[in-house]
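One structure is given below, encoded as structure tokens.
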Amino acid sequence: MLECIHPTYKAVDDQSVHILLPLAYDYQMEGLLHRCECFLISHNLPFLEKVWIADRYKLNRLLVLCLREMRPNSKVDLNGSRYYALSDRVKVLLLERLHGAAAPEEILEPPLDLEPYQRQSDVNFAAVRAKTGRLYYVNPYYMAAWSNVFEEKLCSTSSGVEEMFCPCTHEELKAFLMAIHPPQLRINETNIGPILMSACKMESPALLRKCASLLLSPHTQLSVFVRLSLLDRCFLHEMLPQCLQMVLRPENLIQMTQQTTYDCLSTRAKAAMMDRLGILLDNPGLQSHHCSRCKATNTCGAVTWMCPSCKTYSTDTNLVRNTNTNNVSTTTNTGYGANATTVDKTQQGYGTTSTMNTGYGNAGGTVGGFK
43 MLECIHPTYK AVDDQSVHIL LPLAYDYQME GLLHRCECFL ISHNLPFLEK
93 VWIADRYKLN RLLVLCLREM RPNSKVDLNG SRYYALSDRV KVLLLERLHG
143 AAAPEEILEP PLDLEPYQRQ SDVNFAAVRA KTGRLYYVNP YYMAAWSNVF
193 EEKLCSTSSG VEEMFCPCTH EELKAFLMAI HPPQLRINET NIGPILMSAC
243 KMESPALLRK CASLLLSPHT QLSVFVRLSL LDRCFLHEML PQCLQMVLRP
293 ENLIQMTQQT TYDCLSTRAK AAMMDRLGIL LDNPGLQSHH CSRCKATNTC
343 GAVTWMCPSC KTYSTDTNLV RNTNTNNVST TTNTGYGANA TTVDKTQQGY
393 GTTSTMNTGY GNAGGTVGGF K
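Pasting the structure below:
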């Protein structure tokens with residue numbers, strides 16, 4: 043538990059979640075409960091197991107999502123120990139949902155505010171002032187645990203700490219305070235900008251790690267260019283190659299250079315984009331395919347299956363099951379002009395057409411017969 047709540051910020055996993063949940067619930071640690079709930083939402087567990095956990099530890103958001111996943115006439119084990127351990131309230135919700143009732147609306151989380159930090163108290167006794175002038179009262183030792191900037195100021199001050207200045211604007215300082223203090227503001231696509239900037243200016247490795255995990259997640263609803271810009275602005279250049287791995291086609295990188303804020307990127311970020319472009323031009327996307335006819339190995343950018351009878355194209359790879367009766371055609375483009383075309387005679391079954399684009403001209407050249 044200590045490793046999870048301190049700035050080391052150990053991630054919750056399938057082993058520790060069952061240890062952390064009772065501790066966080068008994069000690070009313072809302073921030074840790076929220077982290078466990080987020081993990082359980084994205085983690086695969088038996089349905090009744092999730093419902094029981096949500097009921098036992100009052101995880102209303104998890105409970106609502108579980109009920110929404112249910113469908114009328116769903117098969118639910120009503121003889122297991124988990125079902126008998128549910129509260130009457132949850133049993134009624136399950137019964138109504140099984141009979142077609144609508145799932146309850148999501149219970150909104152209480153809004154976070156900075157009222158505890160706007161007045162001096164025994165816990166928050168030191169003033170911190172943003173560079174725009176706004177003043178908040180914080181615990182300097184807790185701030186020093188999250189920020190290397192505050193740790194250095196605290197260590198260099200021999201007398202008592204009364205007021206400290208931070209290099210953040212008011213909005214950035216506000217985001218930083220809400221992100222590190224319980225119940226810890228949930229970082230999402232709408233607020234990651236000021237939180238990431240404050241984490242960079244305050245030199246907070248733990249908060250930077252939280253923001254980076256969101257930026258590099260494939261499920262985040264942010265464009266690659268926005269992620270790249272945020273990482274570059276916060277000087278997290280070592281994460282640029284990992285971010286650019288989300289770009290799978292060279293033309294997408296070319297489109298990124300046409301963004302209006304492209305000139306705001308650093309030279310290092312632009313160089314990383316060029317490195318990724320070189321990799322994509324050598325290997326546009328799919329695995330290398332060996333042609334049994336010309337004995338050449340080509341890397342294709344897309345695969346399309348073609349019916350030899352009706353000339354219908356499909357991207358469903360399940361259409362082809364027997365490699366002995368299927369013909370495969372590969373279209374490769376390595377330059378800027380059109381090349382000659384050679385097509386195999388089509389036999390019974392579905393043929394395959396795969397395209398490799400390593401240049402920007404029209405595709406040309408066809409070889410076939412690989413498995």
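Going by my numbering, the residue at position 241 of the sequence shown is 283; the numbering climbs one at a time, nothing skipped.
For glycine and all other residues, C-beta sits at the position ideal for the given N, C-alpha and C.
Just so it is clear, the structure is predicted and the values come from calculations on it, not from any experiment.
Member of the options whose CA lies at the smallest distance from the CA of residue i
{"i": "CYS210", "options": "LEU62, GLY122, LEU238 and HIS48", "result": "LEU238"}
{"i": "CYS108", "options": "PRO146, ASN294, GLN160 and ALA168", "result": "PRO146"}
{"i": "TYR51", "options": "TYR304, GLU194 and ALA248", "result": "ALA248"}
{"i": "ARG113", "options": "ARG291, ASP97 and GLU138", "result": "GLU138"}
{"i": "THR199", "options": "TRP188, HIS212, TYR183 and CYS80", "result": "TYR183"}
{"i": "LEU227", "options": "CYS352, ALA254 and ASP155", "result": "ASP155"}
{"i": "THR232", "options": "GLN263, MET244, MET206 and ASP164", "result": "GLN263"}
{"i": "VAL268", "options": "SER58, CYS285 and GLN160", "result": "CYS285"}
{"i": "ASP97", "options": "LYS117, LEU135, CYS242 and CYS306", "result": "LEU135"}
{"i": "ILE321", "options": "LEU62, LEU140 and PRO283", "result": "PRO283"}
{"i": "GLU280", "options": "ASP305, LYS252, MET298 and ARG310", "result": "ARG310"}
{"i": "ASP68", "options": "SER259, CYS242 and TYR99", "result": "TYR99"}
{"i": "LYS117", "options": "PHE89, VAL132 and TRP94", "result": "PHE89"}
{"i": "SER163", "options": "PHE192, VAL180 and THR174", "result": "VAL180"}
{"i": "ALA168", "options": "LEU323, LYS195 and ALA144", "result": "LYS195"}
{"i": "PRO49", "options": "LEU319, ASP130, ALA187 and MET206", "result": "ALA187"}
{"i": "MET315", "options": "CYS352, SER271 and ASP55", "result": "SER271"}
{"i": "PRO292", "options": "LEU278, ASP305, GLN301 and ASP317", "result": "ASP317"}
Strand pairing of residue i, partner residues [DSSP]
{"i": "MET206", "result": "VAL170"}
{"i": "VAL180", "result": "ALA168"}
Sequence-distant residues of its chain with Cβ nearer than 6 Å to residue i (five each side left out)
{"i": "VAL266", "result": "MET288 and VAL289"}
{"i": "ASN364", "result": "Because the pLDDT of ASN364 is 44, which lies under 50, any placement of that residue in the model is unreliable, and the question is left without a value."}
{"i": "ARG176", "result": "HIS212"}
{"i": "LEU307", "result": "ASP274"}
{"i": "PRO242", "result": "Strictly speaking, residue 242 in this sequence is Cys, with Pro absent from that position. For CYS242, where only same-chain residues beyond five positions count, the Cβ hits under 6 Å are CYS276."}
{"i": "GLN185", "result": "It is worth fixing the name first, because residue 185 is Met in this sequence and not Gln. So the qualifying residues of the chain are PHE192."}
{"i": "ILE95", "result": "none"}
{"i": "VAL132", "result": "ASP97"}
For residue i, the first and last residue of its enclosing alpha helix (DSSP H)
{"i": "VAL93", "result": "89-98"}
{"i": "ASN190", "result": "190-198"}
{"i": "HIS85", "result": "It is not in any alpha helix (DSSP H) - HIS85 carries neither H nor E in the DSSP assignment."}
{"i": "MET316", "result": "309-324"}
{"i": "CYS46", "result": "44-47"}
{"i": "GLN59", "result": "One detail in the question is off: residue 59 reads as Val in this sequence, not Gln. Here the alpha helix (DSSP H) through VAL59 covers 59-68."}
Sequence-distant residues of the same chain with beta carbon closer than 8 Å to residue i, five excluded per side
{"i": "LYS92", "result": "LEU82, LEU104 and CYS108"}
{"i": "ASN190", "result": "MET244, GLU245, SER246 and PRO247"}
{"i": "ILE61", "result": "MET43"}
{"i": "ILE47", "result": "MET71, GLY73 and LEU74"}
{"i": "THR174", "result": "THR211 and HIS212"}
Close Cβ partners of residue i (< 7 Å) along its chain, the five nearest in sequence each way excluded
{"i": "GLU72", "result": "PRO224 and PRO225"}
{"i": "ALA66", "result": "LEU74, LEU75 and CYS78"}
{"i": "PRO236", "result": "GLU213, GLU214 and ALA217"}
{"i": "ALA172", "result": "CYS208, CYS210, THR211, HIS212 and LEU215"}
{"i": "LEU256", "result": "ILE229, ILE234 and THR262"}
{"i": "THR44", "result": "Per the sequence shown, residue 44 should be read as Leu rather than Thr. Counting only Cβ-Cβ distances below 7 Å, and skipping sequence neighbours, we find nothing."}
{"i": "THR303", "result": "SER271"}
{"i": "LEU319", "result": "PRO292 and LEU295"}
heavy atom of the ligand ATP below 7 Å from residue i C-beta
{"i": "TYR179", "result": "Inclusion of the ligand ATP in the displayed structure is not the case, the ligand content being empty and no account of it being possible."}
Of all the alpha helix (DSSP H) runs that stay within the bounds of the region 214-295, which reach a length of 4 or more residues?
With a minimum length of 4 residues, the continuous alpha helix (DSSP H) runs that stay inside the region 214-295 are 234-243, 247-257, 266-275 and 282-286.
Inside the region 110-152 only - beta strand (DSSP E) runs reaching at least 3 residues
Runs found: none.
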